[in-house]
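Peer 1: These protein sequence lines are chains A and B, in that order.
Number 592 marks the last residue of the first sequence (my numbering); no jumps.
Number 592 marks the last residue of the second sequence (my numbering); no jumps.
Just so you know, even glycine gets a beta-carbon here, dropped at the ideal spot from N, CA and C.
Please read these numbers as outputs of a predicted model, since none were measured by experiment.
Encoded as structure tokens, here's the structure I'll be asking about.
There are 2 protein chains.
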Amino acid sequence: MAEKFASRRNIDFMINEVFDVASLNRFPYFEDHDEETFKMILDTALKISTEMMFPYFKEMDTNPPYWEDGKVHVYKKAIVPFLKEMGEGGWINAEKPYDIGGQQLPLTIKELAYFLFGAANYSMHVYPMLTAGAANLIYQFGSREMKDMYLPKMYSGEWQGTMALTEPDVGSSLGDLTTIAEPTDQGYYMIKGQKIFISAGNSDVVDNVIHLLIARLKDGPLGVPGISLFVVPEYRINENGGLEYNDVQCGGIEHKLGYKGSPIAQLTFGEEKNCRGWLVGDLGKGLAQMFKMMNEERINVGIGAVSKIAGAYYAALEYAQQRKQGRKPDQKDPATPMVELIEHADIKRMLLLQKAVMEGSMALAIQLSMYQDLVTVDENAEEHEMLTDFIIPMLKTYPSEMGILATSAAIQIHGGYGFCGDFPVEQYYRDIRIDPIHEGTTGIQGQDILGRKISMKNGKAFQLYINEVEKTIAEAKNYPELEKQIKALESAVQLMKDLTALLLAKKAQITNEAFLADAVLYLDFMSQIAIAWQWLKLMTAAAKALKGQASDQDKAFYQGKIYTGRYFYDYELTKIHSLAIRLSSDDKVTVEMASEYFED
Amino acid sequence: MAEKFASRRNIDFMINEVFDVASLNRFPYFEDHDEETFKMILDTALKISTEMMFPYFKEMDTNPPYWEDGKVHVYKKAIVPFLKEMGEGGWINAEKPYDIGGQQLPLTIKELAYFLFGAANYSMHVYPMLTAGAANLIYQFGSREMKDMYLPKMYSGEWQGTMALTEPDVGSSLGDLTTIAEPTDQGYYMIKGQKIFISAGNSDVVDNVIHLLIARLKDGPLGVPGISLFVVPEYRINENGGLEYNDVQCGGIEHKLGYKGSPIAQLTFGEEKNCRGWLVGDLGKGLAQMFKMMNEERINVGIGAVSKIAGAYYAALEYAQQRKQGRKPDQKDPATPMVELIEHADIKRMLLLQKAVMEGSMALAIQLSMYQDLVTVDENAEEHEMLTDFIIPMLKTYPSEMGILATSAAIQIHGGYGFCGDFPVEQYYRDIRIDPIHEGTTGIQGQDILGRKISMKNGKAFQLYINEVEKTIAEAKNYPELEKQIKALESAVQLMKDLTALLLAKKAQITNEAFLADAVLYLDFMSQIAIAWQWLKLMTAAAKALKGQASDQDKAFYQGKIYTGRYFYDYELTKIHSLAIRLSSDDKVTVEMASEYFED
């Protein structure tokens, strides 16, 4: 099997040459960090990925968790030491302040560590990732007492965290959820309901699972206003600090296409009327608060998708470098030796697709994380929060959806072998298919960008975003060799402005349904341009480096960026023209198609 | 699980209203057939699919074949009665002449039966499908004696047929194969070598497996001229008609992403120097002859992909009709009931994608089969053969590649449930991933159309193809309501002519490598137009029917065609514009990208 699942070298390029993450240490919060500490942390993350995670990538897929007697049994041998390391190494709360045990690490660096974990073994990585998200909700909205009770054990990896949203009949339409919370005069609520698809929702590797659960107040209002957020531990903590039964039952787990190493549990709360939950934050604000965590998880899903693309890409690259097959089209003599696959233009095209999607998305993830770090230190916090919000649907969706095609290309490069279990690519292809679904489907993301983000604060977020892209264009103009891409991005931005204005102008005359019907296509259109923006940034950094004293090996590395950028602009960004044609069309066929017309 | 995997009604529409397949009975060869016999045959095919195949769709996936003591054990309970039915019902040689036990059935009808089989259970269907292909090679190129020896048992389903091409080190580059055939003075050859990825290459449900194998003559020329075709039975037939050991060993089977019900065998020939093969056809013509079968199998792969898209589509449609979730964007009141998924425009968009890809590809398959039927009766045989050859790479590739996205959309409609094994869509998604690989990868198909088919016979095939498309446009002009699509197809044809002329003009100035570098994109471009051609045909037939005395139910059916055609033209055909931009570009980035630039 392939040995490499990510490039450490490439991460250094991103953080030092493209984004200058170390410059964050101008803020007191990050002052203890610099290139050196980043290097140490990321080296350690790579070591963990390589030694504790990747060796179990296939094993955990072929030995998935199983449910027996109400308990989920997972791949203990690998997960127990890993969770210990996650806790002891401070990987769950690394970005948090020193006073609660954090390291005040830029989120950007933590996300890159998570990228490495995800590429090595995503099914394993989700355990700490979800705990971090759940703990964050308590950290942000919980009472002092709640924080003291849960956070230390969650940060140490001893207790698992989850987000419990989906119900058997409620997926995307969260406002309709039916799990009930009934107030008592004891300061807690009695919880009753069912939740499904809960990642790491039950397992035999932790002492307790802390569910951050949304439920409807008994006799409260319908819809979103009736929903509040609760912390519902699998075992509640008694006065002596001991664990007590809390009537949270696991009724089974799902058998899935991919992402098999992680148990996705069906949970029943309060079957015996003995399940207690504690309100987190304000009554009726459950969904808004949950969306804090949801946003974090959407970023994680995007980065997780990038990491799977990376794993598949490096496997395909290694195979293409080693496997010999055929000759160049201009060489027909069968007496000449066969060439490596990587010598064929069509194989390079498929590698470039993967590399372009992966690195462009990775840059977008870093860009977004940098904005978040600036929010943390209150540097134009409102603006950076708007930029974060604006980019999230693109970062969640682009690598998730394009990841299907990127990992498919990795299979294709392997030929028939790619379809077989001896190589890792078919697993990455299966694993990544969850990403367009969980934490808000692609459809939901489309509605988010077109229905909300574009017009958020009277279009201010959109304008801030355009300013950011234009800054990159201005910077790139120092390198005349990038003229073709600069022009293409300028014209893409103009098209984006014009098309968006057109859509918003039409909005007044049509139903909301018609306005939003092609939201997914609009999201795709926007994402192509966002990735092109990042590629111009990467190309600019590479062009700068090529002007300096780079070694031959480094030159090849930087040329790789230039060529991959050229690929992206010529093969991917061009797709916006077809999308714009459709998005400008007034034929509302998907709205007008009557459901009975599907009958045959 | 879903109950419907294909639409019988839709097949009737295609064969009676769109293609008038029964008109073939103007030729003596087909004179015994008419709408009634077609109906009977297709009803029977649906019954077999429903009762003997679909019930094992999931079971065969979860209980894949296993290899033990040199033998492959398959899902006997289902496959044995199915093969018996295939033989007794004459499904393997239905299109063959009466004198060898065939039914002189139009291939078009046989292919539609195969479509039903593939949708119900592709892993099961490949057994007779491959036997039919292998038998065809013997039928076309074998000696009288050979035919008498093998065909009856193959047609009866008692013996399995295979095509044995791929070797561990030779996939797409068949000219480099290393399996050796050494002549003897006994009329046979001694075979020695290894073949892999042999579908149905070994199993415990047949008495014998007849391999149609390509090998290199010992001390013969290198490359393609050295390759000949041999029939190599697993057990050779002795003078008394008994079966004797022929030194064909199965060393194992592959564990695969999908298509799991069918064993893909690793085979060793002549390990004990006791494997005999018999030359089929002419020495040195092996690859050319094998391509006869390969063409047939490429059509079968295309149709097989369509059938998997159909299975996933009907599962998604059923789910979308039953599952309630959310409300329309213009209805925010949480007190109103939730609506069925199918009421949401974005869900309809995903259903339309599947329906458009499926029915457009199905029409292309029927179109091609009709040409083949005309070749059989010698009606402008040369022209119809050229049209067949021209369309094959598109029919092989378009549903295979778009099938990834179509089955992915079927998963997406199911939300989280789509990712789980309780629903069939994740399996269709896995099963279809083999189709862009086997029987010539997408890369090979791209080189075929751009490198060969476009300029075949001085461009005559291309011109014939354009004429066919223009005939459809002329016919459509009787229906002014199709004006938008007519104009779009006219302009697409013009773009196709212009772009192709541009590429051929550039060809003289650049290397063959540069000329072929984007062949896969060109194939995609061409395929979009081919499917648009078929959609105009379908829309024309529907427009005609809507002018008549259709019932309300029929009207809905025909409206479904009109709307799906509108979808295809607006959402899919528009992609040609982006493809044309890239295909016209002179930036040969995939050629110029040095392999070391990928290092990081």
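1. Mind listing which residues of the segment 418 to 447 of chain A have their C-beta closer than 9 Å to chain B's C-betas, in chain order?
2. Tell me the rounded alpha-carbon separation between A:Asn8 and A:Ala534.
3. Measuring only between beta-carbons, confirm whether A:Cys412 sits less than 8 Å from chain B.
4. Short of 6 Å in beta carbon distance, which residues of its chain neighbour A:Phe133, apart from the five on each side in sequence? Order them along the chain.
5. Within 10 angstroms of the Cβ of A:Gly167, are there 16 or more other Cβ atoms? Answer buried if so, exposed if not.
6. Just the Cα atoms here: how many angstroms apart are B:Glu418 and B:Ala112?
7. For A:Val162, list the residues DSSP reports as bridge partners.
8. I'd like the span of the beta strand (DSSP E) that includes B:His203, first residue to last.
9. Who are the Cβ neighbours of B:Ile339 in its own chain at under 8 Å, not counting the five residues just before and after it?
10. With a cut-off of 8 Å, does the C-beta of B:Pro321 fall near any C-beta of chain A?
11. Check each candidate in B:Tyr147, B:Ile130, B:Glu103 and B:Gly250 and name the one with the smallest Cα separation from B:Asn85.
12. Determine the extent of the alpha helix (DSSP H) in which A:Ala111 is found, giving its start and end residues.
13. For the ligand SAM, I want to know if A:Glu231 counts as a neighbour, meaning its beta carbon is within less than 7 Å of at least one of the ligand's heavy atoms.
14. Excluding the 5 residues flanking A:Val369 on each side, which residues of the same chain have their C-beta closer than 6 Å to its C-beta?
15. Report all residues from its chain with a CB closer than 7 Å to the CB of B:Lys102; omit the five preceding and five following residues, and keep chain order.
16. For A:Ser299 versus A:Thr100, is the C-beta spacing smaller than 8 Å?
17. Which residues in the same chain as B:Phe382 place their Cβ atom closer than 6 Å to its Cβ, once the five residues preceding and following it in sequence are excluded?
18. Can you list the residues of chain A that B:Tyr559 reaches, using a CB-CB cut of under 8 Å?
19. Cα-Cα, which of B:Gly125, B:Ala192, B:Trp527 and B:Asn287 is closest to B:Val10?
20. Buried or exposed: where does A:Asp322 fall if 16 or more other Cβ atoms within 10 Å of its Cβ makes it buried?
21. Helix, strand or coil for B:Val349? Go by DSSP, reduced to three states.
22. Using a Cβ-Cβ cut-off of 8 Å, state whether B:Pro416 counts as contacting chain A.
23. In its own chain, which residues sit with a C-beta less than 7 Å from the C-beta of B:Asp516, not counting the 5 before and 5 after it?
24. For B:Glu431, which three-state DSSP category applies?
25. By DSSP, does B:Ala173 sit in helix, in strand, or in coil?
26. Looking only at DSSP bridge pairs, what is A:Glu236 linked to?
27. Just checking: is the beta-carbon of A:Thr42 within a distance shorter than 8 Å of some beta-carbon in chain B?
28. On the three-state DSSP scale, how would you describe B:Gln317?
29. At 8 Å on the CB atoms, spell out the chain B contacts of A:Leu309, in chain order.
30. I want to verify the contact list: residues of chain A whose CB lies under 8 Å from the CB of B:Val512, in sequence order.
31. Please report how far the alpha carbon of B:Gly601 lies from the alpha carbon of B:Lys39, in whole angstroms.
32. Can you tell me the Cα-Cα spacing of B:Gly215 and B:Glu159, whole angstroms?
33. Kindly list, in the order they appear in chain A, the residues whose Cβ is closer than 9 Å to that of B:Asn55.
34. Would A:Asp592 be called buried (16 or more neighbouring beta carbons within 10 Å of its own) or exposed?
35. Could you have a look at A:Gly195 and say whether DSSP puts it in helix, strand or coil?
36. Identify the contact partners of B:His117 in chain A, using a Cβ-Cβ distance below 7 Å as the criterion.
Peer 2: To lay it out plainly:
1. Residues of the segment 418 to 447 of chain A with a Cβ closer than 9 Å to any Cβ of chain B, in chain order: Glu418, Gln419, Tyr421, Arg422, Arg425, Ile426, Pro428, Ile429, His430, Thr433, Thr434, Gly435, Gly438, Gln439 and Gly443.
2. As a position in the first sequence, residue 8 of chain A is number 16, starting the count at 1. As a position in the first sequence, residue 534 of chain A is number 542, starting the count at 1. Cα to Cα, the separation comes out at about 12 Å.
3. Start at 1 with the first residue of the first sequence, and residue 412 of chain A comes out as number 420. Closer than 8 Å: yes.
4. On the first sequence, position 141 is the one that residue 133 of chain A refers to. Within the same chain, A:Phe133 has close Cβ partners Val272, Gly273 and Gln281.
5. Taking the first residue of the first sequence as 1, we reach residue 167 of chain A at position 175. Flag for A:Gly167 reads buried.
6. Within the second sequence, residue 418 of chain B is the residue found at index 426, counting from 1. Within the second sequence, residue 112 of chain B is the residue found at index 120, counting from 1. Each residue's Cα considered, the two are about 15 Å apart.
7. For the purposes of this step, residue 162 of chain A is taken as the residue at position 170 of the first sequence. Answer is A:Glu159.
8. In the second sequence, the residue the question calls residue 203 of chain B occupies position 211. B:His203 -> beta strand (DSSP E) spans Asn200 to Leu209.
9. In the second sequence, counting from the first residue as 1, residue 339 of chain B sits at position 347. Cβ contact annotation for B:Ile339 (same chain, cutoff 8 Å, sequence separation greater than five): Ala312, Leu333 and Ile405, in chain order.
10. In the second sequence, residue 321 of chain B corresponds to position 329, counting from 1. At a cut-off of 8 Å between C-beta atoms, B:Pro321 counts as an interface residue with respect to chain A.
11. Position 93 of the second sequence, counting from 1, holds the residue named residue 85 of chain B. The residue with the shortest Cα to Cα distance from B:Asn85 is B:Tyr147.
12. Sequence index remark: in the first sequence, residue 111 of chain A carries index 119 (1-based). Leu99 to Phe133 is the extent of the alpha helix (DSSP H) around A:Ala111.
13. Annotation note on the ligand SAM: not contained in the displayed structure, which lists no ligands.
14. Counting from one through the first sequence, the residue named residue 369 of chain A turns up at place 377. Excluding five sequence positions before and after A:Val369, the CB atoms of its chain that fall closer than 6 Å to its own CB belong to Phe19 and Tyr21, given in chain order.
15. Residue numbering aside, residue 102 of chain B sits at position 110 when the second sequence is read from its first letter. Excluding the 5 residues flanking it on each side, B:Lys102 has same chain C-beta neighbours closer than 7 Å at Ala86 and Glu87, in chain order.
16. The residue given as residue 299 of chain A occupies position 307 in the first sequence. The residue given as residue 100 of chain A occupies position 108 in the first sequence. Not a contact, by the Cβ cut-off of 8 Å.
17. By one-based count along the second sequence, residue 382 of chain B stands at place 390. Closer than 6 Å at Cβ, skipping near neighbours: Lys445, Ala453 and Tyr457.
18. Taking the first residue of the second sequence as position 1, residue 559 of chain B is located at position 567. One finds Val581, Thr582 and Met585 in chain A with Cβ atoms closer than 8 Å to the Cβ of B:Tyr559, taken in chain order.
19. Working through the second sequence from its first residue, we reach residue 10 of chain B at position 18. Out of B:Gly125, B:Ala192, B:Trp527 and B:Asn287, B:Trp527 has the C-alpha closest to the C-alpha of B:Val10.
20. Walking along the first sequence from the start, residue 322 of chain A turns up at place 330. Exposed, because fewer than 16 other Cβ atoms sit within 10 Å of the Cβ of A:Asp322.
21. Taking the first residue of the second sequence as position 1, residue 349 of chain B is located at position 357. Three-state DSSP puts B:Val349 in a helix.
22. In the second sequence, residue 416 of chain B corresponds to position 424, counting from 1. Chain A contact via Cβ: absent.
23. Numbered from its first residue, the second sequence carries residue 516 of chain B at position 524. Within the same chain, and ignoring the five residues on either side of B:Asp516 in sequence, the residues whose Cβ sits closer than 7 Å to its Cβ are Leu571.
24. In the second sequence, counting from the first residue as 1, residue 431 of chain B sits at position 439. Coil at B:Glu431, not helix or strand.
25. Taking the first residue of the second sequence as position 1, residue 173 of chain B is located at position 181. In the structure shown, the three-state DSSP call for B:Ala173 is strand.
26. One-based indexing of the first sequence puts residue 236 of chain A at position 244. DSSP, once it has assigned bridges, lists A:Arg228 as partnering A:Glu236.
27. Translated into the one-based positions of the first sequence, residue 42 of chain A becomes position 50. It does not; no Cβ of chain B falls within 8 Å.
28. Residue 317 of chain B sits at position 325 when you count from the first residue of the second sequence. Correct three-state label for B:Gln317: coil.
29. Translated into positions along the first sequence, residue 309 of chain A becomes position 317. Near A:Leu309 (Cβ distances below 8 Å), the residues of chain B are Phe590.
30. Taking the first residue of the second sequence as position 1, residue 512 of chain B is located at position 520. Using a Cβ-Cβ cut-off of 8 Å, B:Val512 is close to Asp338 and Arg341 of chain A, given in chain order.
31. With chain B represented from -7 up to 592, any question about residue 601 of chain B goes unanswered, as that position is not in the structure.
32. Counting from one through the second sequence, the residue named residue 215 of chain B turns up at place 223. Counting from one through the second sequence, the residue named residue 159 of chain B turns up at place 167. A straight-line Cα-Cα distance of about 15 Å links B:Gly215 and B:Glu159.
33. What you label residue 55 of chain B is simply residue 63 of the second sequence in a count that begins at 1. Think of a sphere of 9 Å around the beta carbon of B:Asn55: no beta carbon from chain A falls inside it, the nearest being about 14 Å out.
34. Numbered from its first residue, the first sequence carries residue 592 of chain A at position 600. Around the C-beta of A:Asp592, 16 or more other C-beta atoms lie within 10 Å, and the residue is accordingly described as buried.
35. Reading the first sequence from its first residue, position 203 is the one you call residue 195 of chain A. First, the residue type needs correcting, since residue 195 of chain A is Ser and not Gly in the sequence shown. Reduced to three states, the DSSP call for A:Ser195 is coil.
36. To locate residue 117 of chain B, count along the second sequence from 1; it is residue 125. Going along chain A, no residue has its Cβ under 7 Å from B:His117, so there is no contact; the nearest lies around 18 Å.
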